[in-house]
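2 protein chains.
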Amino acid sequence: MSLPPARTLPETDRTRLLRRRQRGSHELAEICEVLDAGLVCHVGFVGAHGPCVVPTTYVRVDEAVYLHGAPASRLGRADGQPLCIAVTLLDGLVLARSAMHHSMNYRSVIVYGEAALVTDDREQLRVLAALVDRVMPGRAAQVRPPSPAELAATALLRVALTEASLKRRTGPPVDDPEDLDWPCWAGVVPLVERAEPPVPAPDLRGAWPAPAR
Amino acid sequence: MSLPPARTLPETDRTRLLRRRQRGSHELAEICEVLDAGLVCHVGFVGAHGPCVVPTTYVRVDEAVYLHGAPASRLGRADGQPLCIAVTLLDGLVLARSAMHHSMNYRSVIVYGEAALVTDDREQLRVLAALVDRVMPGRAAQVRPPSPAELAATALLRVALTEASLKRRTGPPVDDPEDLDWPCWAGVVPLVERAEPPVPAPDLRGAWPAPAR
Numbered sequence: 005m006s007l008p009p010a011r012t013l014p015e016t017d018r019t020r021l022l023r024r025r026q027r028g029s030h031e032l033a034e035i036c037e038v039l040d041a042g043l044v045c046h047v048g049f050v051g052a053h054g055p056c057v058v059p060t061t062y063v064r065v066d067e068a069v070y071l072h073g074a075p076a077s078r079l080g081r082a083d084g085q086p087l088c089i090a091v092t093l094l095d096g097l098v099l100a101r102s103a104m105h106h107s108m109n110y111r112s113v114i115v116y117g118e119a120a121l122v123t124d125d126r127e128q129l130r131v132l133a134a135l136v137d138r139v140m141p142g143r144a145a146q147v148r149p150p151s152p153a154e155l156a157a158t159a160l161l162r163v164a165l166t167e168a169s170l171k172r173r174t175g176p177p178v179d180d181p182e183d184l185d186w187p188c189w190a191g192v193v194p195l196v197e198r199a200e201p202p203v204p205a206p207d208l209r210g211a212w213p214a215p216a217r
Numbered sequence: 005m006s007l008p009p010a011r012t013l014p015e016t017d018r019t020r021l022l023r024r025r026q027r028g029s030h031e032l033a034e035i036c037e038v039l040d041a042g043l044v045c046h047v048g049f050v051g052a053h054g055p056c057v058v059p060t061t062y063v064r065v066d067e068a069v070y071l072h073g074a075p076a077s078r079l080g081r082a083d084g085q086p087l088c089i090a091v092t093l094l095d096g097l098v099l100a101r102s103a104m105h106h107s108m109n110y111r112s113v114i115v116y117g118e119a120a121l122v123t124d125d126r127e128q129l130r131v132l133a134a135l136v137d138r139v140m141p142g143r144a145a146q147v148r149p150p151s152p153a154e155l156a157a158t159a160l161l162r163v164a165l166t167e168a169s170l171k172r173r174t175g176p177p178v179d180d181p182e183d184l185d186w187p188c189w190a191g192v193v194p195l196v197e198r199a200e201p202p203v204p205a206p207d208l209r210g211a212w213p214a215p216a217r
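Residue numbers (my numbering), protein chains in the order written: chain A, 5 to 217; chain B, 5 to 217.
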């Protein structure tokens with residue numbers, strides 16, 4: 005997915021970075037890079053009984069994040085509701101000499117906005133194809149496209165990228181000077197999400213090549 | 005962390021599984037296994053400007069989830085607030101013959117509850133040690149323990165595991181019978197989070213053995 009033009013999003017009461025500001029950014033391109041690297045987001049909303057969080061897939065297209073769900077699901081009925089969308093990538097375990105300076109290396113984006121139901125058929129088709137392609141590039145063109153009944157059974161919601169922020173931590177542990185001689189290892193254990201060899205469906209017919217990710 | 009005794013949590017208005025009930029569970033031991041396998045949770049709460057989601061580390065000890073933060077942070081000030089905590093483990097990409105049957109294999113736990121500030125010093129020490137040990141087993145005993153000033157600068161919050169549910173998807177794609185001859189590969193691409201070789205801190209003194217994870 006191509007990145008939008010370089011632009012700094014305005015800070016708002018919700019996206020002002022209150023703590024460790026040096027770890028933050030409001031650059032739209034950096035925010036989009038994190039959104040494009042994640043596969044799952046956590047969507048926060050206020051339900052009938054208080055705060056709710058739902059994990060779900062998403063895709064970023066142009067300057068919006070898209071969510072989808074069955075029209076009767078809580079997300080599918082979120083048209084007009086304020087949402088908070090979080091995408092978090094865990095990059096490493098930060099092991100310091102002191103218990104309290106242990107940390108994680110991460111990249112995290114928070115998006116605030118109102119969900120808007122997508123009613124334009126072409127936008128819906130384009131975004132659903134992007135959702136498939138993001139999981140496996142090029143796949144949307146290979147699979148059986150959505151039928152009118154399937155499209156009607158899918159609520160697609162747009163949240164514009166107008167109010168968002170990024171936070172990240174990188175690099176080694178930061179210990180207090182008096183702890184540097186403490187007798188233990190210190191450093192970072194990098195974490196990566198890897199694809200293992202694909203497992204064909206038991207009912208696969210034909211010798212189609214397995215995808216590489 | 006040892007698992008609590010086998011017990012089924014009661015279904016409530018918030019944890020009743022509304023969709024795809026066959027993917028769900030309220031078994032406490034299964035819920036704890038997912039909580040113990042994750043490293044990051046997403047905490048939902050209602051802020052001054054609507055729904056908020058914060059990614060953070062956590063640990064499950066006995067029948068509670070613990071979060072921590074600076075006393076002035078939004079989580080650190082959450083004593084008495086209703087929270088929704090989500091832990092999601094992504095296990096695989098499910099590639100079907102039709103766009104609409106694409107899915108993810110995952111394990112996901114949602115916990116609802118009120119945050120309670122931990123005021124007992126021994127509970128605070130024990131849980132902070134568990135937080136370090138979970139990232140790297142045995143490490144809490146090796147590192148410089150928290151000082152009284154550090155403990156005072158750490159708000160620890162307990163959310164009891166009384167209202168929680170699990171959802172998971174496993175296995176191959178489920179395509180419509182009429183799509184089984186569609187000319188493309190179908191199956192699952194398993195995803196795993198792996199630790200890469202540890203990177204020592206640039207200021208590491210002494211030849212301490214690097215941890216194995």
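Virtual Cβ for every residue (Gly too), placed ideally from N, Cα, C.
In terms of beta-carbon proximity, A:Glu154 lines the interface with chain B, with at least one pair separated by less than 9 Å. The beta carbon of B:Pro177 lies closer than 8 Å to those of Val98, Leu99, Ala100, Arg101, His105, His106, Ser107, Ala190, Gly191 and Val192 in the same chain, with the five residues before and after it left out. Contacts with chain A at 9 Å (Cβ-Cβ) include B:Ser102. Contact between the region 60 to 78 of chain A and the region 193 to 200 of chain A is absent, with fewer than three C-beta pairs closer than 8 Å. Contact of B:Cys188 with chain A is assigned, a C-beta pair being separated by under 9 Å. Interface with chain A (9 Å Cβ-Cβ cutoff): B:Gln146 is included. Residues of the same chain with a CB within less than 7 Å of the CB of B:Arg11, apart from the 5 flanking positions on each side, are Leu32 in chain order. The shortest C-alpha to C-alpha distance from A:Ile114 to any of A:Ala120, A:Val69, A:Pro213 and A:Leu7 is the one to A:Val69.
Residues of the region 15 to 41 of chain A with a Cβ closer than 7 Å to any Cβ of chain B, in chain order: Asp17, Arg18 and Arg23. Neighbourhood of B:Glu127 in chain A, by CB distance below 8 Å: empty, with the nearest CB roughly 15 Å away. Rounded to the nearest angstrom, the Cβ distance from A:His30 to A:Ser169 is 6 Å, consistent with a contact under 8 Å. Take the alpha-carbon of A:Leu43 and the one of A:Arg148: they are about 22 Å apart. Closest in C-alpha terms to A:Pro8, from the list A:Ala164, A:Gly28 and A:Pro202, comes A:Ala164.
Taking C-alpha positions only, A:His46 is separated from A:Ser112 by approximately 11 Å. Per DSSP, the beta bridge partners of B:Val44 are B:Thr61. Cβ neighbours of B:Thr174 within its own chain (closer than 8 Å, five residues either side excluded): Asp95 and Asn109.
By the criterion of a C-beta distance shorter than 8 Å, A:Ser77 is surrounded in its chain by Ala159, once the five residues flanking it on both sides are discounted. Less than 9 Å separates the beta-carbon of A:Asp83 from that of A:Ala119.
Among the bridge pairs identified by DSSP, B:Ser112 is matched with B:Thr92 and B:Lys171. B:Glu200 has a beta carbon lying within less than 9 Å of a beta carbon in chain A. When the alpha-carbon of A:Ala153 is set against those of A:Pro204, A:Pro206, A:Val57 and A:Pro75, the nearest one is in A:Pro75. For A:Ala103, no beta strand (DSSP E) segment is defined, and its DSSP state is neither H nor E. In chain order, Arg18, Cys88 and Glu167 place their CB closer than 6 Å to the CB of B:Tyr116, counting only its own chain and leaving out the 5 sequence neighbours on each side. It is roughly 53 Å from the alpha-carbon of A:Glu127 to the alpha-carbon of B:Leu129. Neighbours of A:Thr92 in chain B, taken as residues at a C-beta separation under 9 Å, are given in chain order as Val44, His46 and Pro59. Taking C-beta atoms as the reference points, A:Pro86 and B:Pro86 fail to come closer than 9 Å. Near chain B, meaning a CB-to-CB distance below 8 Å, the residues of the region 160 to 193 of chain A are Pro176, Pro177, Asp179, Asp183, Leu184, Asp185, Trp186, Pro187, Cys188, Trp189, Ala190, Gly191, Val192 and Val193. Not a single C-beta of chain A is nearer than 9 Å to the C-beta of B:Pro75. The beta carbon of B:Arg143 sits closer than 8 Å to those of Val136, Asp137 and Pro215, all from its chain and outside the five residues before and after it, given in chain order.
Taking C-beta atoms as the reference points, B:Val122 and B:Val131 count as a pair closer than 9 Å. Chain order gives the chain B residues near A:Asp207 as Leu184, where near means a beta carbon separation below 7 Å.
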